[in-house]
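> I'd like to ask you about the structure that follows.
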Amino acid sequence: MLRKKTNGVARRPQRTSILSQVGEKTVDRRAFLRGSGLTIGGLAAISATGGTVTPASAQTAANTAVENIKSVCTHCSVGCTVVAEVQNGVWVGQEPGWDSPFNLGAHCAKGASVREHAHGERRLKYPMKKEGGEWKRISWEQAIDEIGDGMMNIRQESGPDSVYWLGSAKHNNEQAYLFRKFAAYWGTNNVDHQARICHSTTVAGVANTWGYGAMTNSYNDMHNSRAIFIIGGNPAEAHPVSLLHILRAKEQNNAPLIVCDPRFTRTAAHADEYVRFRPGTDVALVWGILWHIFDNGWEDKEFIRTRVWGMDQIREEVAKWNPDEVERVTGTPGSQLRRVARTMVNNRPGTVVWCMGGTQHTNGNNNTRAYCVLQLALGNMGTSGGGTNIFRGHDNVQGATDLGVLSHTLPGYYGLSAGAWGHWSRVWGEDLDWLKGQFATIKDKEGKDKPLMNERGIPVSRWIDGVLEDPANMDQDNNVRAMVLWGHAPNSQTRMTEMKTAMEKLDMLVVIDPYPTVSAVLHDRTDGVYLLPACTQFETRGSATASNRSLQWRDKVVDPLFESLPDEVIMAKFANKFGWADRFFRNIEMEDPETPNVESITREFNSGLWTIGYTGQSPERLKSHMANQHTFDRTTLQAIGGPNDGEYYGLPWPCWGTPEMGHTGTPNLYDMSKPVAEGGLTFRARFGVERDGDNLLAEGVYSVGSEIQDGYPEFTMQMLMDLGWDGDLTAEERAAIDAVAGPETNWKTDLSGGIQRVAIKHGCAPFGNAKARAVVWTFPDPIPLHREPLYTNRRDLVEDYPTYEDRQAYRLPTLYASIQKNDFSKDYPMILTSGRLVEYEGGGDETRSNPWLAELQQDMFVEINPRDANNLGIRDGQQVWVEGPEGGRVKVMAMLTNRVGAGVAFMPFHFGGHFQGDDLRSKYPAGADPYVLGESSNTAQTYGYDSVTQMQESKCTLCKIWAA
539 MLRKKTNGVA
549 RRPQRTSILS
559 QVGEKTVDRR
569 AFLRGSGLTI
579 GGLAAISATG
589 GTVTPASAQT
599 AANTAVENIK
609 SVCTHCSVGC
619 TVVAEVQNGV
629 WVGQEPGWDS
639 PFNLGAHCAK
649 GASVREHAHG
659 ERRLKYPMKK
669 EGGEWKRISW
679 EQAIDEIGDG
689 MMNIRQESGP
699 DSVYWLGSAK
709 HNNEQAYLFR
719 KFAAYWGTNN
729 VDHQARICHS
739 TTVAGVANTW
749 GYGAMTNSYN
759 DMHNSRAIFI
769 IGGNPAEAHP
779 VSLLHILRAK
789 EQNNAPLIVC
799 DPRFTRTAAH
809 ADEYVRFRPG
819 TDVALVWGIL
829 WHIFDNGWED
839 KEFIRTRVWG
849 MDQIREEVAK
859 WNPDEVERVT
869 GTPGSQLRRV
879 ARTMVNNRPG
889 TVVWCMGGTQ
899 HTNGNNNTRA
909 YCVLQLALGN
919 MGTSGGGTNI
929 FRGHDNVQGA
939 TDLGVLSHTL
949 PGYYGLSAGA
959 WGHWSRVWGE
969 DLDWLKGQFA
979 TIKDKEGKDK
989 PLMNERGIPV
999 SRWIDGVLED
1009 PANMDQDNNV
1019 RAMVLWGHAP
1029 NSQTRMTEMK
1039 TAMEKLDMLV
1049 VIDPYPTVSA
1059 VLHDRTDGVY
1069 LLPACTQFET
1079 RGSATASNRS
1089 LQWRDKVVDP
1099 LFESLPDEVI
1109 MAKFANKFGW
1119 ADRFFRNIEM
1129 EDPETPNVES
1139 ITREFNSGLW
1149 TIGYTGQSPE
1159 RLKSHMANQH
1169 TFDRTTLQAI
1179 GGPNDGEYYG
1189 LPWPCWGTPE
1199 MGHTGTPNLY
1209 DMSKPVAEGG
1219 LTFRARFGVE
1229 RDGDNLLAEG
1239 VYSVGSEIQD
1249 GYPEFTMQML
1259 MDLGWDGDLT
1269 AEERAAIDAV
1279 AGPETNWKTD
1289 LSGGIQRVAI
1299 KHGCAPFGNA
1309 KARAVVWTFP
1319 DPIPLHREPL
1329 YTNRRDLVED
1339 YPTYEDRQAY
1349 RLPTLYASIQ
1359 KNDFSKDYPM
1369 ILTSGRLVEY
1379 EGGGDETRSN
1389 PWLAELQQDM
1399 FVEINPRDAN
1409 NLGIRDGQQV
1419 WVEGPEGGRV
1429 KVMAMLTNRV
1439 GAGVAFMPFH
1449 FGGHFQGDDL
1459 RSKYPAGADP
1469 YVLGESSNTA
1479 QTYGYDSVTQ
1489 MQESKCTLCK
1499 IWAA
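Numbering (my numbering), first residue to last: 539 to 1502.
Spelled out as structure tokens, the structure:
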């Protein structure tokens, strides 16, 4: 199984054959195994141990004890515990967390190989710059000085918005919070991260339906589900360990699994009912299911009466979607949807799961709201086994979103209003006038001053246009001139041909990442590119938020490797360079002038994130949960005895009040069967108290123990006074409230937490008790509508279901009707969609640089239905061209499969390093090129953005395919 080593010294992970063949186009599996000294069985065995097997002696074991350190997997959002085995400061092995209630001792392929992610020799090892077309090693001091000077010159010439700060879902919570604060101190809202292009339409749609834009229940709570409805998601590959929880419900409860997807995925292979439908027709499909529910009177009428507003208007729209029309638009037979509707009705509570298949559309916000309306109609909200279980992608994409790494809000979804900035200025102890002075001001159409401090920035989905668009058409005076990609893979974004142009137009491109990413090679720049090596999350410490809203604490596994630095240290270096480090860190303890104390950062965001309840999770409480994972129930997530008795694992937000208040965390949002103090909640009163004369507050229903036994608005100091509860405040709490706005202070801006504490003492939710709204009057489509994709081959449907008119959004002109009016379907007849593979993650740079994963999937490919392939004269395994209607094309391997229906093609989006047929391996810094390269599917993907959030449309464009 292993080649015998004569010197008895532990050898490095076997990579020899891949390294020797890294310049070749493909790596032969047999050659890989033979060169590595492994049999096929041996590879799997060794990967499970972390990559190396060495003999041990009693003497060495006694002298060098192995320390077990807990961390959290850095791939998807399940939040699997990784137990690292560390000896003399070296990470020598790993185990899955057997005590973790999330992964229950399991790992997927990616999780089993994260040790290699940290120790991988394909990492970026030291700062580099491109000069005269060559990569040159530089010092950190030179890098910070040159980049800092260049940015300050750009700022002086073109304003703070000419530098774009792109953050990361790979940052821990502390780094994410610090990054958003950093952008604020620089003076721009041109800041964003991956959530914009994966679940921004979820956050917008869900938050505007019932109050919070997050997963309502948990993976574990699905053990109680009587039906599971998955649409546009493939957990078996994207979140493999989540399947443990899904299959437990299927087996334990005999819960039917319904999977709706244009592609027969590995998840669909487990389904009791697989529903194939045309990409981009989610609303029509859901309305088709609801048509049968309403037609038969199967809806939960009492739940709708007491807890839902606007369902009558939904009925009117759904009535148009009879089985014939649904089949015309979606391709799904009405008889099958009747069966699905009956299954969901007869097996309650059921849960609805969705992922990026539902979000990445021009009407993605309509899709997510339609899913929510289905659950409201069935009465499946606020109950164990029900809810909307929205599986997030990256390990901390939930946390980075919550902490405000977004162009339209500050941490905690406070927005960008004067009140929001006032709140965070108080938290930071900052002079608000000084902060205002950091931002630019432009003139509006009427010639009045328009402070950009209060205006949405350019989202990451549109940074290309921030560089290329005529400034006359933008809501800022100048183009983006410097781009900072901090933990972001650009090949995860559409329109890569234009991205190449944008990268080449920039004055400066800065990439901060453990791996160089496609940012290093996509462009043809010869100068002005910097690569800075960031640490992985295993080389620092801090908290990360899993998809279910639970926070987990990562301990540092090893010290920073090579010349990499933790992100918080890099931010401190830049803050010092820019001259405002003392202000920036005034409330944060510093371990040295460039090393902020991570726990101190946690305490700072604890002091300000009242909106969503990131206030009760102190570092000490989180560390105690990680240390005592074995005490938490595997289904309820509640601790049974022990030091955390009664608390829910990871203190899922909202964890109300201060840490001293000891709130349990909230396992299932909007569950009125528990007191608020014990994790219960109502729907949030976020939308006022009435609309068109209708009551928006709950009708006669309330949380267990509530002293207000009806609906009620959000709490303010005035409301406490009116109820006579203000006497419950301490003198310190009263003084803090008076210092904000006196009687007008609300539960979100009271820095003492007194208003929250008193409301909960009386059994009430601080954010009120209202109805969910099925109709969102503030959105372009108040009632979710089906709209044809911009690039559609169903020209017969465009007149009936047109897209939006062109509009201005997020500082930029956004095209809709002007694209859809053109018929591209004759030249580009096939629908093109994209998705994930189990072997790789995100843009794939890290995982394709991991030899254990790279060996598993060495070729980029396109899935084509055999009927289409035969008509095109394409054979399985043949090289083909796939071209989109905007001219971007990729050369990939054809995979003939019935997983996709006729007329549909699928490509994974994890590949990079090839561009329109050219191999770019030679452009990487020496030794930092991933083992596996391939075309990026997004090179062939096209324009298209959600009407509310600017989510990219990557699930339903058009293409043509021909033999290469």
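Backbone N, C-alpha and C define an ideal beta-carbon position, used for all residues, glycine too.
1) Taking only three categories from DSSP, how would you classify Lys1461?
2) Where does the unbroken alpha helix (DSSP H) through Lys974 begin, and where does it stop?
3) Determine the DSSP secondary structure at Glu684, reduced to helix, strand or coil.
4) How should Ala1310 be labelled, buried or exposed, when 16 other C-beta atoms within 10 angstroms of its C-beta is the threshold for buried?
5) Taking 8 Å as the threshold (C-beta atoms), are Glu1106 and Asn1125 in contact?
6) Under 7 Å Cβ to Cβ from Thr844, same chain only, skipping five residues before and after it: list those, please.
7) Which same chain residues, not among the five before or five after Tyr1339, have their C-beta less than 6 Å away from its C-beta?
8) Relative to the alpha-carbon of Trp1419, which residue among Gln1395, Asp1467, Ser1474, Thr1435 has its alpha-carbon at the smallest distance?
9) Reducing DSSP to helix, strand and coil, say where Ala548 ends up.
10) For Cys798, list the residues DSSP reports as bridge partners.
11) Per the contact definition of three or more C-beta pairs closer than 8 Å, is the region 1168 to 1177 in contact with the region 1116 to 1132?
12) Nearest by alpha-carbon distance to Ala752: which of Tyr812, Gly1218, Arg653, Ser1088 is it?
13) Evaluate contact between the region 887 to 900 and the region 1478 to 1491, counting only Cβ atoms and requiring at least three cross-stretch pairs below 8 Å.
14) Ends of the beta strand (DSSP E) at Tyr702?
15) Measuring straight from C-alpha to C-alpha, what distance separates Glu1252 and Thr1220?
16) What is the rounded straight-line gap between the Cα of Gly1151 and the Cα of Gly872?
17) Measuring alpha carbon to alpha carbon, tell me which of Asp820, Val883, Arg1222, Asn884 ends up nearest Val1503.
18) If I measure Cβ to Cβ from Arg661 and keep anything under 8 Å in the same chain, skipping five residues before and after, which residues do I get?
19) Drop a sphere of 10 angstroms on the beta-carbon of Arg1333, count the other beta-carbons inside from all chains shown, and report buried for 16 or more, exposed for fewer.
20) Provide the residue span of the alpha helix (DSSP H) that contains Met1433, from first to last.
21) How many angstroms separate the CA atom of Cys1494 from the CA atom of Pro800?
22) With distance defined between alpha-carbon atoms, name the residue in Tyr1354, Trp629, Leu642, Arg853 nearest to Ser780.
23) Quick one: grab the DSSP three-state call for Arg845.
24) Note down the Cα distance separating Ala774 from Val1376, rounded to an integer number of angstroms.
25) Identify, in the order they occur along the chain, each residue of the same chain with its Cβ nearer than 6 Å to the Cβ of Leu1289, setting aside the five sequence neighbours on each side.
26) With three or more beta-carbon pairs closer than 8 Å as the criterion, would you say the region 998 to 1011 touches the region 963 to 981?
27) With 16 as the cutoff for other CB atoms within 10 Å, does His1168 come out buried or exposed?
28) In or out: Thr598 buried (at least 16 other Cβ within 10 Å) or exposed?
29) Taking the alpha carbon of Val621 as the point to measure from, which residue in Met1021, Gln1346, Ser1244, Asp1093 has its own alpha carbon closest?
30) Which whole-angstrom value describes the C-beta separation of Asn860 and Trp829, a residue pair presumed to lie in contact below a C-beta threshold of 8 Å?
31) Might you give, ordered along the chain, the residues of its own chain that have their beta carbon closer than 6 Å to the beta carbon of Gly688, omitting 5 neighbours on each side?
32) Smallest Cα separation from Asn1206: which of Gly1200, Cys1193, Glu1198?
33) Could you tell me whether the region 1388 to 1396 touches the region 1419 to 1438, using the rule of 3 or more Cβ pairs below 8 Å?
34) Reducing DSSP to helix, strand and coil, say where Asp625 ends up.
35) Report the rounded CA-to-CA distance for Val1095 versus Arg1159, giving the unit in angstroms.
36) Select from Met1012, Arg994, Gly960, Ala958 the residue whose C-alpha is nearest the C-alpha of Lys983.
Taking the coordinates as given:
1) Within the sequence shown, numbered from 1, the residue matching residue 1461 stands at position 923. The answer is helix: DSSP assigns Lys1461 an H, G or I state.
2) Within the sequence shown, residue 974 is the residue found at index 436, counting from 1. Run containing Lys974: 970 to 976, per the alpha helix (DSSP H) assignment.
3) Numbered from 1 along the sequence shown, position 146 holds the residue referred to as residue 684. Under the three-state reduction of DSSP output, Glu684 falls in the helix class.
4) Here residue 1310 refers to the residue found at position 772 when the sequence shown is read from its first residue. Under this definition Ala1310 is a buried residue.
5) Here residue 1125 corresponds to residue number 587 of the sequence shown, with the count starting at 1. Here residue 1106 corresponds to residue number 568 of the sequence shown, with the count starting at 1. Not closer than 8 Å, so no.
6) Along the sequence shown, one-based indexing puts residue 844 at 306. Result list for Thr844: Ala1236, Glu1237, Gly1238, Val1239, in chain order.
7) Along the sequence shown, one-based indexing puts residue 1339 at 801. Contacts found: His1324, Arg1325, Glu1326.
8) As a working mapping, residue 1419 is identified with position 881 in the sequence shown. Per the Cα distances, Ser1474.
9) Residue numbering aside, residue 548 sits at position 10 when the sequence shown is read from its first letter. The pLDDT assigned to Ala548 is 35, lower than 50, so where the model puts this residue is not dependable; a value taken from the coordinates is nonetheless given after this. In the structure shown, Ala548 sits in coil (DSSP, three-state: anything other than H, G, I, E or B).
10) Taking the sequence shown and counting its residues from 1, one reaches residue 798 at position 260. Checking the DSSP bridge columns, you'll see Cys798 partnered with Ile769, Val813.
11) no
12) Taking the first residue of the sequence shown as 1, we reach residue 752 at position 214. Out of Tyr812, Gly1218, Arg653, Ser1088, Ser1088 has the C-alpha closest to the C-alpha of Ala752.
13) yes
14) Stepping through the sequence shown from its first residue, residue 702 is reached at position 164. Element bounds for Tyr702: 701 to 704.
15) Taking the sequence shown and counting its residues from 1, one reaches residue 1252 at position 714. Taking the sequence shown and counting its residues from 1, one reaches residue 1220 at position 682. Each residue's alpha carbon lies about 11 Å from the other.
16) As a position in the sequence shown, residue 1151 is number 613, starting the count at 1. As a position in the sequence shown, residue 872 is number 334, starting the count at 1. Using only the alpha carbons, I get a separation of about 43 Å.
17) There is no way to answer for residue 1503, as the model of the chain reaches only from 539 to 1502.
18) As a first step, residue 661 is located in the sequence shown; it is residue number 123 there, counting from the start. These residues qualify, in order along the chain: Pro1052, Tyr1053, Pro1071, Leu1099, Phe1100, Ser1102, Ser1387, Ala1466.
19) Numbered from 1 along the sequence shown, position 795 holds the residue referred to as residue 1333. Its Cβ having fewer than 16 others within 10 Å, Arg1333 is exposed.
20) What you label residue 1433 is simply residue 895 of the sequence shown in a count that begins at 1. Unbroken run through Met1433 is the beta strand (DSSP E), 1427 to 1434; no alpha helix (DSSP H).
21) Locating residue 1494 in the sequence shown gives position 956, where the first residue counts as 1. Locating residue 800 in the sequence shown gives position 262, where the first residue counts as 1. C-alpha separation (whole angstroms): 10 Å.
22) Locating residue 780 in the sequence shown gives position 242, where the first residue counts as 1. Taking only the C-alpha atoms, the option nearest Ser780 is Leu642.
23) Locating residue 845 in the sequence shown gives position 307, where the first residue counts as 1. For Arg845, the three-state secondary structure derived from DSSP is helix.
24) Working through the sequence shown from its first residue, we reach residue 774 at position 236. Working through the sequence shown from its first residue, we reach residue 1376 at position 838. So the two alpha carbons sit approximately 8 Å from each other.
25) Counting from 1 along the sequence shown, the entry for residue 1289 is found at position 751. In the same chain as Leu1289, and ignoring 5 residues on each side of it, the C-beta atoms closer than 6 Å to its own belong to Ala1274, in chain order.
26) no
27) Indexing the sequence shown from 1 puts residue 1168 at position 630. Classification of His1168: exposed, given that the 10 Å Cβ count is below 16.
28) By one-based count along the sequence shown, residue 598 stands at place 60. Residue placement at Thr598 is poorly supported in this model, since its pLDDT is 49, which falls under 50; the coordinates still yield a value, given next. Flag for Thr598 reads exposed.
29) Your numbering for residue 621 matches position 83 in the sequence shown. Out of Met1021, Gln1346, Ser1244, Asp1093, Asp1093 has the C-alpha closest to the C-alpha of Val621.
30) Position 322 of the sequence shown, counting from 1, holds the residue named residue 860. Position 291 of the sequence shown, counting from 1, holds the residue named residue 829. Yes, they are in contact, since the Cβ atoms of Asn860 and Trp829 sit about 6 Å apart, within 8 Å.
31) As a position in the sequence shown, residue 688 is number 150, starting the count at 1. Cβ contact annotation for Gly688 (same chain, cutoff 6 Å, sequence separation greater than five): Met1046, in chain order.
32) For the purposes of this step, residue 1206 is taken as the residue at position 668 of the sequence shown. Among Gly1200, Cys1193, Glu1198, the Cα nearest to that of Asn1206 is on Cys1193.
33) no
34) Here residue 625 is taken as the residue at index 87 of the sequence shown, counted from 1. The residue asked about is misnamed: residue 625 is Gln in this sequence, not Asp. It is a strand residue.
35) Looking up residue 1095 in the sequence shown gives position 557. Looking up residue 1159 in the sequence shown gives position 621. Distance between the alpha carbons of Val1095 and Arg1159 is about 20 Å.
36) Taking the sequence shown and counting its residues from 1, one reaches residue 983 at position 445. Minimum Cα distance to Lys983 is reached at Met1012.
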